[in-house]
Each structure stands twice: as structure tokens, then as C-alpha cells.
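This report concerns only the one structure given below.
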Amino acid sequence: MLLTHAHSDHIGAAEHLRTAYGTDVLTHEEEVPHARREFLHQVTLGKVLARAWRPGVLPWALGAVRSGGMSAVPVAGPRAFPGAGALDLPGGPVPVHTPGHTREHCAFHLPEHGVLVSGDALVTGHPTSRLAGPQLLPGMFHADRARALAWLTALEALPAGTVLAGHGPAHRGPVREAVARAREHASA
Numbered sequence: 084m085l086l087t088h089a090h091s092d093h094i095g096a097a098e099h100l101r102t103a104y105g106t107d108v109l110t111h112e113e114e115v116p117h118a119r120r121e122f123l124h125q126v127t128l129g130k131v132l133a134r135a136w137r138p139g140v141l142p143w144a145l146g147a148v149r150s151g152g153m154s155a156v157p158v159a160g161p162r163a164f165p166g167a168g169a170l171d172l173p174g175g176p177v178p179v180h181t182p183g184h185t186r187e188h189c190a191f192h193l194p195e196h197g198v199l200v201s202g203d204a205l206v207t208g209h210p211t212s213r214l215a216g217p218q219l220l221p222g223m224f225h226a227d228r229a230r231a232l233a234w235l236t237a238l239e240a241l242p243a244g245t246v247l248a249g250h251g252p253a254h255r256g257p258v259r260e261a262v263a264r265a266r267e268h269a270s271a
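Each residue of the sequence shown is one higher than the one before, counting from 84 in the working numbering.
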């Protein structure tokens, strides 16, 4: 199992799969302690409550709490990627460092398939956003939004025609166009 980052909504089943089936859980080396829950960089209840008046925030927050979003879901045995370049896994995923959403977020490029798994570095929708299409998540969700915006450069030159985001539907079209649209939304 590849983790783009260690937020609860992205690692929910990782520990179960690791213990029940011996599934390896791989992530960026600096996300390993995050996955173990040695620290947690995730939107706080205070940040959510301060924005509860905004459209979509309260229903999203209630749904997140009901589905266990406030629970600690550590992964006991995550491992760092073994080295640079493509991973020795089906599809040959290549980790692409995209920090900002979390300190060491990574996307995954599948060059043979023209696919980018963008995690939360580039999303295509979210219940707390009025936007549709490629965008950054609202600011409360990022450890460092300016850094997340700057690191979109790591994605824009990738030869991929499909973006599979951590939130929102699949996006079909060149990644550079998706990144351009996300930047436009961010500057508006």
C-alpha cells in the first residue's frame, strides 16, 4: 500500500491490511513517523469550528466525525520508499515529492499508464469547496499552503492524461492544464 500522506482519511485501512495480510505500507521517509502517530499534522477541530459558517464545512465535519475522523489510526509498521525512482511494484509507480499539504506529501506517477495519483497535492473537488475541477484543498487543510502551491511545479511537466485525486472525480486532460487551473483558483 502506498501512502501519499498520513492523514486519517488516507490511512484508515492501512494497519488492518498490514496486520491481516502482511501488506507493506510505504510512504516518504518523513511521513513514516506521521503514519505511526508520533505527531499529527491534520486540520484541528478548532480550525474546522472557526470555519463552520462556510458552506459545506459543517456537513463535511459531521460526516468526518461520524466516520471516525477523530480517531487515532496509527500504522505500526510503515516503511520509507526504498530509494529514488520507480518502485518495484505493479505499474512502476514513481513517488513525486509534493510537500505542503503535509510536510512530506508525495504523489505517484505511473508513466506507463499516463496516470498521476495526486493524493491531496492536487484535488478535483471537496465538500468544503465551491469549486469544481483541479484545485488545492481549502487552506485549513494544509500544513503550509504556500508550499503546496509552489510544489505544483513538480507535477506540471509529468506526462499524464489522467489525474486520480485524493478528493473529487478523476480528471482527464494534461496535468499541466490541471495545475494551471489549480493555480488560477488559488490566486482568485
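Note that CB positions come from ideal geometry on N, CA and C, so glycine has one too.
| Item | Value |
| --- | --- |
| Unbroken beta strand (DSSP E) run spanning proline 178, endpoints | 177 to 180 |
| The beta strand (DSSP E) enclosing alanine 248, as first and last residue numbers | 245 to 248 |
| Chain-order list of residues whose beta-carbon lies under 7 Å from that of isoleucine 94 (same chain, five-residue window excluded) | Leu86, Ala118, Val156, Val158 |
| For proline 242 and arginine 134, the rounded distance between their alpha carbons | 37 Å |
| Sequence-distant residues of the same chain with beta carbon closer than 7 Å to glutamine 125, five excluded per side | His90, Ser91 |
| Whether valine 200 touches arginine 162 by CB criterion (9 Å) | no |
| Start-to-end residues for the beta strand (DSSP E) that takes in leucine 199 | 198 to 202 |
| Helix, strand or coil at histidine 268 according to DSSP, with G and I counted as helix | helix |
| For alanine 167, the first and last residue of its enclosing beta strand (DSSP E) | Taken as a continuous stretch (DSSP letters only), alanine 167 belongs to no beta strand (DSSP E), as it is neither H nor E. |
| Neighbour-count burial assignment, aspartate 203, 16 or more Cβ in a 10 Å radius | buried |
| Which residues DSSP lists as bridging glutamine 218, in chain order | Val206 |
| Per-residue burial, threonine 185 [other beta carbons within 10 Å of its own, 16 or more giving buried] | buried |
| Unbroken alpha helix (DSSP H) run spanning histidine 93, endpoints | 91 to 94 |
| Counted within 10 angstroms of its Cβ, other Cβ atoms place valine 148 as buried (16 or more) or exposed | exposed |
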